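J.:
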Amino acid sequence: MAITAYIGTPGAGKSYEIVRSVIIPAICAGRRIVTNIYGLSYENIIEYCEKRKLLKDDISAGEIIVVENKRITEPDFFPVKENQDKSLCQPGDLVILDECHRF
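Residue numbers (our numbering): 46 to 148.
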């Protein structure tokens, strides 16, 4: 599992960059994304991808599960050996945490 941090001052475009360079390509590749980015719209992302012909016919678009911050701290958020089948995040998911210093 790789961890990448995007750091910068408030309003510098960190969330924008994540959507542009991580979320959109992941959706086009069929990935499942779990995130707490407020206001993220799956419908708008799909519309954007369709307009720019980024979606491939042989790959189904991925999905986005938007969670509230409090959900991230619950014991069944991340998969661990004991709860892997019951956790929200599953192996292979792309987990994107905005403002992760809160956790």
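In this text, a Cβ means the ideal position worked out from N, Cα and C, and glycines have one as well.
Just so we're clear, the structure is a prediction, and the values are computed from it rather than from any experiment.
Evaluate D138 with the Cβ neighbour count: other Cβ atoms within 10 Å of its Cβ, from every protein chain shown; 16 or more gives buried, anything less gives exposed.
T.: Here residue 138 refers to the residue found at position 93 when the sequence shown is read from its first residue. D138 is buried by the Cβ-count criterion.
J.: Helix, strand or coil, according to DSSP, for V26 in the structure here?
T.: Within the shown structure, residues of the chain are numbered from 46 to 148, placing residue 26 beyond reach of any answer.
J.: Rounding to the nearest angstrom, what Cα-Cα distance links I141 and A47 in this structure?
T.: Your numbering for residue 141 matches position 96 in the sequence shown. Your numbering for residue 47 matches position 2 in the sequence shown. In a straight line, the C-alpha of I141 is about 12 Å away from that of A47.
J.: Considering only the alpha carbon of each residue, which of T54, G84, C94 lies closest to S66?
T.: Numbered from 1 along the sequence shown, position 21 holds the residue referred to as residue 66. The option with the nearest alpha carbon to S66 is C94.
J.: On the DSSP letters alone, give me the boundaries of the alpha helix (DSSP H) that I90 sits inside.
T.: As a working note, residue 90 is residue 45 in the sequence shown. It spans 87-96 - the alpha helix (DSSP H) in which I90 sits, taken as one unbroken run.
J.: Pairs of beta-carbons, one from the stretch 100-115 and one from the stretch 65-80, closer than 8 Å: are there three or more?
T.: Verdict: yes, contact present.
J.: I90 and I104: beta carbons closer than 8 Å?
T.: The sequence position of residue 90 within the sequence shown is 45, counting from 1. The sequence position of residue 104 within the sequence shown is 59, counting from 1. The answer is no: Cβ separation not under 8 Å.
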